[in-house]
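Participant: What follows is a single structure, and I will ask about it in a moment.
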Amino acid sequence: PNLRGYVGTTAKPTAAVALVSEGGDPLLAQWQYGLGRAAAWTSDAREQWAAPWIGTPDFGTLTAQLVAWTLPPQDTEGIDVRFSPGERGELDVEVTSVDEERGPRNFYRTVLRLVSPDLEPTQTVLEQVGPGRYAGSVLAEDPGAYLVRVAQTYEDGSTTDAASRTLGMVSPAADEFRRLGIDTVSLAAFADAGEGRELSLDDERSTGAVWAHDIRASAFPTPIWPWLLVLAMLLVPLDVGVRRVALSRADLRRARDWTARRLGMGHAAPEAVPGLAELRAARDRSARRGERADRRPAAEASASETHAVPSATAAGPAAATPTARTRSPVPSESSPPASPSTSPPVGETLAERLARRRREGRG
């Protein structure tokens with residue numbers, strides 16, 4: 017088939033050109049690069065340039081052969097090993113061995129050596145069950161990668177291997193990985209429990225519905241009445257205390273001092289005696305009234321003396337002596353006599369002393 021296009025290039029001197037275009041440009045070239053192999057295809061593998069060729073069987077054959085040629089050859093020495101799960105964690109092994117002429121190797125002593133993931137080696141001798149076919153079973157319970165080596169020797173007891181092959185084998189991690197298929201019954205039960213629906217992957221119209229967010233979200237209410245009850249129990253004593261208990265500044269000061277003494281945060285001020293401040297204030301008021309009462313007679317006497325001095329001056333020198341005599345205070349009927357200074361009786365209490373001073377101030 018014709019190609020619709022390709023990338024024009026030139027081949028390297030060491031490359032072998034397998035296909036060329038009508039213009040002589042290389043289409044397929046291959047060469048050896050060290051121990052590996054390389055190949056170049058100048059057209060594409062899509063429906064753009066190689067569309068007429070992609071649908072033909074020759075294109076698939078060419079692609080498979082090209083990939084197989086670039087990969088390193090597998091030295092099997094004519095030995096093919098197959099594993100199949102057996103009973104009680106065992107693996108059934110079947111070995112098919114042929115020689116260079118594709119003839120079966122019969123009557124060979126075939127030994128299978130298995131190295132577990134824990135690097136524990138085991139050895140099993142396989143029995144011949146057919147022309148060039150040997151079978152047996154090995155124990156591989158632990159999951160992981162195993163190293164397998166199959167060696168065949170002649171029956172004459174020779175220690176030289178006639179053929180051998182080394183390969184790897186992986187045991188699955190759990191039994192559920194061996195189950196194939198889809199559990200439609202369980203999936204339907206899950207969809208019914210979650211109020212969902214089943215989607216068929218075979219139907220192209222339902223493929224886009226997988227990403228549709230049209231399922232109602234489930235709501236799970238959480239009761240909060242226990243938390244509200246605890247909050248109410250904590251607030252009731254506080255409400256009663258605010259409504260019924262009256263605290264003054266003095267109460268707060270005493271509470272602060274008591275707390276300071278309890279916590280050892282400094283020396284608190286000594287607690288005052290209840291009513292002592294009121295008694296001191298009453299005593300000061302009584303003292304001030306007594307002082308005002310004592311100053312009143314002295315002020316009246318000073319005023320009368322001031323009035324007598326001008327009259328004596330107007331009388332002349334002859335009246336100087338009488339004037340000197342008139343300076344002595346003369347008690348009058350309007351001014352009460354000064355009360356003698358008496359000392360407070362011995363053993364008088366503070367309340368009695370305050371009451372006495374109050375009576376003196378009133379008199």
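So for the sequence shown, our numbering puts the first residue at 17; every next one is plus one. The C-beta atom is built at its ideal place from N, Cα and C for all residues, glycine as well. The structure displayed is predicted, hence computed values, not measured ones.
Is there contact between the region 202-217 and the region 119-133, where contact requires at least three CB pairs shorter than 8 Å?
Facilitator: no
Participant: Which partner residues of Tyr162 appear in the DSSP bridge assignment?
Facilitator: Met185
Participant: Just to confirm the assignment: which complete beta strand (DSSP E) runs, minimum length 3, are found wholly within the region 44-114?
Facilitator: Whole beta strand (DSSP E) segments, 3+ residues: 52-57, 95-101 and 106-113.
Participant: Taking 8 Å as the threshold (C-beta atoms), are Ala61 and Ala45 in contact?
Facilitator: Cβ distance not < 8 Å, so Ala45 and Ala61 don't count as in contact.
Participant: For Tyr49, which residues in the same chain have their Cβ closer than 7 Å to its Cβ, ignoring the five residues on either side in sequence?
Facilitator: none
Participant: Have a look at the DSSP bridge pairing and note the partners of Arg129.
Facilitator: Gln139 and Arg165
Participant: Where does Arg149 fall in DSSP's three states?
Facilitator: strand
Participant: Does DSSP classify Ser202 as helix, strand or coil?
Facilitator: helix
Participant: Among Ala156, Pro73 and Arg270, which has the Cα closest to the Cα of Phe99?
Facilitator: Ala156
Participant: Do Val83 and Val97 have their C-beta atoms within less than 8 Å of each other?
Facilitator: no
Participant: Helix, strand or coil for Ser180? Go by DSSP, reduced to three states.
Facilitator: strand
Participant: Run through DSSP, which three-state label would Leu155 get?
Facilitator: strand
Participant: So, for Asn434: in the same chain, excluding its five sequence neighbours on each side, which residues have a beta-carbon less than 7 Å away from its beta-carbon?
Facilitator: Lying outside 17 to 379, the shown extent of the chain, residue 434 is not represented and no answer is given.
Participant: From which residue to which residue does the alpha helix (DSSP H) around Val23 run?
Facilitator: Val23 -> no alpha helix (DSSP H), and no H or E assigned at all.
Participant: Rounded to a whole number of angstroms, what is the C-alpha to C-alpha distance between Arg305 and Glu376?
Facilitator: The straight-line gap from Cα to Cα measures roughly 9 Å.
Participant: Cα separation between Asp273 and Val258?
Facilitator: Approximately 22 Å, taken between the alpha carbons.
Participant: What separation, rounded to the nearest whole angstrom, lies between the Cα atoms of Met249 and Arg260?
Facilitator: Put simply, the backbone Cα of Met249 is about 17 Å away from that of Arg260.
Participant: Does the separation of the CB atoms of Gly152 and Leu142 fall below 8 Å?
Facilitator: Taking 8 Å as the Cβ cut-off, Gly152 and Leu142 qualify as a contacting pair.
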